[in-house]
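Residue numbers (our numbering): 323 to 460. Just so you know, even glycine gets a beta-carbon here, dropped at the ideal spot from N, CA and C. Small disclaimer: the values here were computed from a predicted structure and weren't measured. Let me begin by presenting the structure, written as structure tokens, before commenting on it.
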């Protein structure tokens, strides 16, 4: 499934994702500056989180509160080795029933051998994005 959205209609994209993903494990792919974190901020808001959502590039993992439990937000851009993820307990987090958002998941595709939704974000212009959503069952 594909949609296009503008930054001022990002709530539309968020609701589209929440309503069409078959898994709470959502993998985000897109280039630097494509809007992955911006979209995750809106999804967290729509899921009821009041936390300040920010890119976890340096801590690698952020945890936010929401009405249905914790939301986990990982950014694998700076991760060089899977052992770094093991130290965080990341592989165990993937088995939780919570919402889990992973940026730069394509760096470690082999660890996502479970049901997930893949979102590919492409910049069309400064304020417009194209979003592709695919659900994968294992």
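- Between residue 438 and the set 410, 376, 384 and 428, the nearest pair of CA atoms involves 428.
- Going by DSSP, residue 458 is part of the beta strand (DSSP E) stretching over 450-458.
- Within the same chain, Cβ atoms closer than 6 angstroms to the Cβ of residue 457 are found at 344 and 439, the five residues on either side in sequence being excluded.
- Between residue 453 and residue 393, the alpha-carbon positions lie close to 22 angstroms from each other.
- In the structure shown, residue 441 falls within a strand segment according to DSSP collapsed to helix, strand and coil.
- Counting the other CB atoms within 10 Å of its CB gives residue 349 a total of 16 or more, which places it among the buried residues.
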